[in-house]
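In terms of this note's numbering, the sequence shown is residues 860 to 1109. We treat Cβ as the ideally placed atom computed from N, Cα and C, and that holds for glycine. The model shown is predicted, which means the values in this text are computed figures rather than measured ones.
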Amino acid sequence: MTVRLDKYLADMSVGTRTEVKKIIKAGRIQVNNIVTKDSSVKINTENDRVLFDNAPVLYIEYEYYMLNKPAGIITAVSDSKEPTVLNLISSVRKDLFPVGRLDRDTVGLLLITNNGKLAHCLLSPKKHVDKKYYVELDASLTQEMCQKLREGVFIEKNVITAPAELEILDAPVCKKALLTIHEGRFHQVKRMFLAVERKVVFLKRMEFGPLKLDKTLNCGEYRKLNEKELKLLEEYIKDTEMEEICTREL
């Protein structure tokens, strides 16, 4: 990857674009052991060596984090009044964002990255990316309700959900379940259960596409995706259908 020197430094949080231009002009940057005062110099992120005050500045194009989102935190990049999921992530990058959203009171798996193309692909309504949730309800489900949820329910006029997968975890009580949906409509899980006259009292996302929530992460904790998870994402995107959708829509 080739990138301008000032962008390279700004991306790695050496400073703002304005600040790094001043740093460069001051002769504090070396590229391949040569002092460079030109902000527009092109840097090969894989081969060139960049130093700031003699300390190496390594370029990381994309970062990926798995967050176990806690309740009470909003899924947004920033908010003037309330804490957001990005307040929980410690990173030098300023371009991170959550992929999709979870409601304020919904917990569980949330992917944080700065890879816009990946996010667009995972959120494409045409791809029908699987999302699995653990659900607790205020009252028991009947067999008829379960069947309706599996076949699709009307969550508003002329809007019916696609068939879903429902697994009851506490039969015969039937108040705890795993629900896998293949869409991403606004408040979809809660609205699906309201359609069969049941209220969700606890909701936790367990899986998103090929990713599964790390059971060792407590609420509010996060970690970088490991090599296996990154490979799963890469393979998922390279899927023929996904690749076609991403190429067409971007």
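- By the 16-neighbour rule on beta-carbons within 10 angstroms, Arg1064 is buried.
- With a minimum length of 3 residues, the unbroken runs of beta strand (DSSP E) contained wholly in the stretch 916 to 953 fall at 923 to 928.
- For secondary structure counted as the alpha helix (DSSP H) over 4 or more consecutive residues, the stretch 1028 to 1080 holds these complete runs in sequence order: 1047 to 1054.
- The C-alpha of Gly967 is placed about 15 angstroms away from the C-alpha of Val1060.
- Within the DSSP bridge table, the entry for Tyr993 names Leu1037 and Lys1063 as partners.
- With a cutoff of 9 angstroms on beta-carbon distance, Leu1008 and Met1051 are scored as near each other.
- Around the beta carbon of Asp938, a 10 Å sphere encloses fewer than 16 other beta carbons of the protein chains shown; the residue is thus reported as exposed.
- Across the structure, Asn927 and Pro957 are spaced so that their CA atoms are roughly 12 angstroms apart.
- With distances taken between CA atoms, Pro942 lies nearest to Pro929 out of Arg952, Pro929, Asp954 and Leu1092.
- Bounds of any beta strand (DSSP E) do not take in Val879; it lies within the alpha helix (DSSP H) bounded by Arg876 to Lys884.
- With a threshold of 16 other beta carbon atoms within 10 Å, Ile971 meets it and is buried.
- If you draw a straight line from the Cα of Tyr867 to the Cα of Leu947, it comes to about 25 angstroms.
- DSSP places Leu968 outside any alpha helix (DSSP H); the residue lies instead in the beta strand (DSSP E), whose first and last residues are Val966 to Thr972.
- DSSP, reduced to helix, strand and coil, places Leu1084 outside both helices and strands of the structure shown, so it counts as coil.
- Where Lys1007 is concerned, there is no enclosing beta strand (DSSP E), although the alpha helix (DSSP H) around it starts and stops at Gln1002 to Glu1010.
- Taken through DSSP and simplified to helix, strand or coil, Lys901 comes out as strand.
- Under the 8 angstroms Cβ criterion, the stretch 985 to 999 counts as touching the stretch 1035 to 1042, having at least three qualifying pairs.
- If you check the CB distance, Leu945 and Gly959 do not come in under 9 angstroms.
- Leu1072 and Ile893 have their alpha carbons spaced roughly 46 angstroms apart.
- From the listed residues Ala1021, Cys1005 and Glu1093, the smallest Cα separation to Asn1085 is found for Glu1093.
- Taking C-beta atoms as the reference points, Asn913 and Thr861 fail to come closer than 9 angstroms.
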